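With positions in the sequence shown counted from 1, the corresponding number in the numbering used here is that position plus 3. In this text, a Cβ means the ideal position worked out from N, Cα and C, and glycines have one as well. Bear in mind the structure is a predicted one, so any value in this text is a computation, not a measurement. Each remark here refers to the structure printed beneath this line.
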Amino acid sequence: MRIDVLTIFPDYLAPLGLSLAGKARDKGLIDVRVHDLRAWTTDRHRTVDDTPYGGGAGMVMKPEPWGAAFDELLADGDATVVFTTPSGRPFTQAVARELATKERLVFACGRYEGIDQRVLDEVATRAEVREISLGDYVLNGGEVAALAITEAVVRLVPGFMGNAESLVEESHEDGLLEYPVFTKPATWRDREVPPVLLSGDHGAIAAWRRDQAVRRTAERRPDLAHASVLLEDVEIRPAEPADAGELYVLQLACWVAEQHDNPGVRIPALHETYDDLRSWLARDTVLVARSAGRLVGAVRASLDDEEWEIGRLMVAPDLAGRGLGRTLLERIEALAPGGATSYTLFTGAGSLRNQRIYKKAGYRLRPGEPIPGAVRMTKRIGPR
Ligand code: SAM
Numbered sequence: 004m005r006i007d008v009l010t011i012f013p014d015y016l017a018p019l020g021l022s023l024a025g026k027a028r029d030k031g032l033i034d035v036r037v038h039d040l041r042a043w044t045t046d047r048h049r050t051v052d053d054t055p056y057g058g059g060a061g062m063v064m065k066p067e068p069w070g071a072a073f074d075e076l077l078a079d080g081d082a083t084v085v086f087t088t089p090s091g092r093p094f095t096q097a098v099a100r101e102l103a104t105k106e107r108l109v110f111a112c113g114r115y116e117g118i119d120q121r122v123l124d125e126v127a128t129r130a131e132v133r134e135i136s137l138g139d140y141v142l143n144g145g146e147v148a149a150l151a152i153t154e155a156v157v158r159l160v161p162g163f164m165g166n167a168e169s170l171v172e173e174s175h176e177d178g179l180l181e182y183p184v185f186t187k188p189a190t191w192r193d194r195e196v197p198p199v200l201l202s203g204d205h206g207a208i209a210a211w212r213r214d215q216a217v218r219r220t221a222e223r224r225p226d227l228a229h230a231s232v233l234l235e236d237v238e239i240r241p242a243e244p245a246d247a248g249e250l251y252v253l254q255l256a257c258w259v260a261e262q263h264d265n266p267g268v269r270i271p272a273l274h275e276t277y278d279d280l281r282s283w284l285a286r287d288t289v290l291v292a293r294s295a296g297r298l299v300g301a302v303r304a305s306l307d308d309e310e311w312e313i314g315r316l317m318v319a320p321d322l323a324g325r326g327l328g329r330t331l332l333e334r335i336e337a338l339a340p341g342g343a344t345s346y347t348l349f350t351g352a353g354s355l356r357n358q359r360i361y362k363k364a365g366y367r368l369r370p371g372e373p374i375p376g377a378v379r380m381t382k383r384i385g386p387r
């Protein structure tokens, strides 16, 4: 990824040469070029600002140096241009993920009262323009925002972080804040590490972490908890025969994406008839989730020997990633009869996102290929 930064304070960007970003630079994963905007001025004083039309306090950045800088930088090829501004859209992990897919970013760091609007409008005619705010406060200049955005984006560039798992586990990746973390020693100044973390019971650890993440999010960021835990306006209840029609449609919609991830695999959910669905609906334990009357999710389970076999976990594609699948999974796990000793589920061998979600919920891959193109994942049921 190539990153260009336009600023009147190039020295401000020096930290990009440090730490992991510096290493990524050395490895050639990112190519960072910092430019002094004043290089594109033409007067003796290298002027970049002027008084605002319409009056008011402060100065505004003149369009000419910016125009000349973009003429030169955009001649090198396509780029996404990021104008850092407190009136932009908020910077989030989702935006970072999106920017990490771009081949080239150009940051424009404002100063004074900002940049003449015509610069943004004109650049938008020849490049993708994003106006991004670091948060609801005002900085003196856009350099800190460009640094922060670069750091968040660059660590998502493939090959940058040694351990991709640690990216999945982080705050905001699943819409929740991260759970508290601990390291050795187990006792420090009379403070103990929570015993569950020393238990070796992966299912219990995953459940504890999830619970802590939900509590933390609800306490500190109720705005996120609402979207991610998503329980306030979703009703989860046992399925009824009258749910069959909508369930059939939702199932087809949900498994089309699975087929894309697992080409060539015959996915039962895409091939069964309406009557097949009605018969398992009558036979298995099935939960459905409804939001404002709409069927938005479902899951089923049945006891096979001592295994509580969970399947058909589905969430309407437009609501994916908000924690509803996780909630349905927890609800159906809680319905396992007393004789069950483990939970089992199957997912596509190519469905890596599903596998990551199940791993996070405490499931582990079981060796072997029980059904062609599928993997089996299990989790031991702890004491109840
Ligand atoms: N008058 C502007 C306003 O009220 O929107 C604030 C200008 S600010 C003093 C100067 C520059 O700092 C902006 O042009 C922008 O590049 C940068 N900046 C300030 N706060 C920012 C924030 N929250 N996010 C991103 N950039 C910011």
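If you drop the 5 nearest sequence neighbours on each side, which residues of the same chain put their C-beta closer than 6 Å to that of residue i?
{"i": "Ser231", "result": "Reliability of the predicted coordinates at Ser231 is poor, the pLDDT of 44 falling under 50, and no value is obtained from them."}
{"i": "Tyr366", "result": "Met380, Lys382"}
{"i": "Val8", "result": "Leu16, Val37, Phe110, Ala149"}
{"i": "Thr10", "result": "Cys112, Glu146"}
{"i": "Leu233", "result": "Only weak support exists for where Leu233 lies, its pLDDT of 48 falling under 50; the value from the coordinates is given anyway. Same-chain partners within the cutoff: Arg325, Gly326, Leu327."}
{"i": "Val299", "result": "Ala292, Ala319, Leu322"}
{"i": "Gly61", "result": "Tyr115, Glu116"}
{"i": "Met4", "result": "Ile33, Val160"}
{"i": "Thr347", "result": "Glu310, Glu312, Thr381"}
Identify the continuous beta strand (DSSP E) that holds residue i and give its terminal residues.
{"i": "Ile1", "result": "Summary: the structure shown does not reach residue 1, with the chain confined to residues 4 through 387, and so no result is reported for it."}
{"i": "Asp14", "result": "Careful: Asp14 lies outside any beta strand (DSSP E) and carries neither H nor E."}
{"i": "Asp39", "result": "34–39"}
{"i": "Leu180", "result": "Element bounds for Leu180: n/a, residue is neither H nor E."}
{"i": "Asp7", "result": "5–10"}
{"i": "Leu453", "result": "No statement about residue 453 is possible, as the shown extent of the chain runs from 4 to 387 and does not include it."}
According to DSSP, what are the bridge partners of residue i?
{"i": "Ser294", "result": "Val237, Arg297"}
{"i": "Trp191", "result": "Arg194"}
{"i": "Leu306", "result": "Trp311"}
{"i": "Ala377", "result": "Gly351"}
{"i": "Lys382", "result": "Tyr346"}
{"i": "Val268", "result": "Looking at the DSSP assignment, Val268 forms no beta bridge with any residue, so it has no partner."}
{"i": "Met317", "result": "Ala301"}
{"i": "Asp53", "result": "Val63"}
{"i": "Arg289", "result": "The question names Arg, but residue 289 in the sequence shown is Val. Its beta-bridge partners are Arg303."}
Take residue i and list the residues in its own chain whose beta-carbon comes closer than 7 Å to its own, dropping the five residues that flank it on each side.
{"i": "Pro18", "result": "Leu150"}
{"i": "Tyr15", "result": "Glu146"}
{"i": "Phe73", "result": "Val126"}
{"i": "Thr186", "result": "none"}
{"i": "Val63", "result": "Asp52, Asp53, Pro55, Tyr115, Glu116, Gly117, Asp119"}
{"i": "Arg356", "result": "none"}
{"i": "Ser354", "result": "Glu261, Asp264, Asn265"}
{"i": "Asp287", "result": "Arg303, Ala304, Ser305"}
{"i": "Leu253", "result": "Leu298, Ala301, Met317, Ala319"}
{"i": "Glu173", "result": "Glu181"}
{"i": "Gly144", "result": "Phe12, Cys112, Gly113, Arg114"}
Along the chain, where does the alpha helix (DSSP H) that runs through residue i open and close?
{"i": "Tyr346", "result": "Careful: Tyr346 lies outside any alpha helix (DSSP H), inside the beta strand (DSSP E) at 345–351."}
{"i": "Trp211", "result": "205–223"}
{"i": "Asp279", "result": "277–286"}
{"i": "Lys363", "result": "355–363"}
{"i": "Glu249", "result": "247–264"}
{"i": "His274", "result": "271–274"}
Which whole-angstrom value is the C-beta distance of residue i and residue j, which I expect to be below 8 Å?
{"i": "Ala292", "j": "Ala301", "result": "7 Å"}
{"i": "Ala103", "j": "Val160", "result": "6 Å"}
{"i": "Leu290", "j": "Ala242", "result": "6 Å"}
{"i": "Leu316", "j": "Pro340", "result": "Between Pro340 and Leu316 the Cβ distance is about 19 Å, and since that is not below 8 Å, they are no contact."}
{"i": "Arg329", "j": "Gly314", "result": "Not confirmed; about 16 Å, so no contact."}
{"i": "Leu273", "j": "Leu255", "result": "7 Å"}
{"i": "Arg107", "j": "Asp81", "result": "7 Å"}
{"i": "Gly203", "j": "Ser136", "result": "45 Å between Cβ atoms; not a contact."}
{"i": "Ala24", "j": "Glu154", "result": "6 Å"}
{"i": "Pro375", "j": "Val268", "result": "7 Å"}
{"i": "Thr83", "j": "Glu134", "result": "At roughly 12 Å, the Cβ-Cβ gap does not stay under 8 Å, so Thr83 and Glu134 are not in contact."}
Residue i: beta carbon under 7 Å from a heavy atom of the ligand MG?
{"i": "Val98", "result": "Among the ligands in the structure shown, the ligand MG does not appear; only the ligand SAM can be found there."}
Leaving out five residues before and five after residue i in sequence, what residues of the same chain have Cβ atoms less than 8 Å from its Cβ?
{"i": "Lys65", "result": "Thr50, Val51, Asp52, Asp53, Asp119"}
{"i": "Glu372", "result": "Ala352, Val378"}
{"i": "Leu200", "result": "Phe185, Ile208, Trp211"}
{"i": "Asp278", "result": "none"}
{"i": "Thr190", "result": "Val196"}
{"i": "Ser345", "result": "Glu309, Glu310, Trp311, Thr381, Lys382, Arg383, Ile384"}
Does any C-beta atom of chain D lie closer than 8 Å to the C-beta of residue i?
{"i": "Val98", "result": "Among the protein chains of the structure shown there is no chain D, as only one such chain exists."}
Could you pull out every unbroken beta strand (DSSP E) segment of at least 3 residues lying fully inside the segment 74–159, listed in chain order? Inside the segment 74–159, DSSP marks whole beta strand (DSSP E) runs of 3 or more residues at positions 83–93, 107–112, 131–136, from first to last along the chain.
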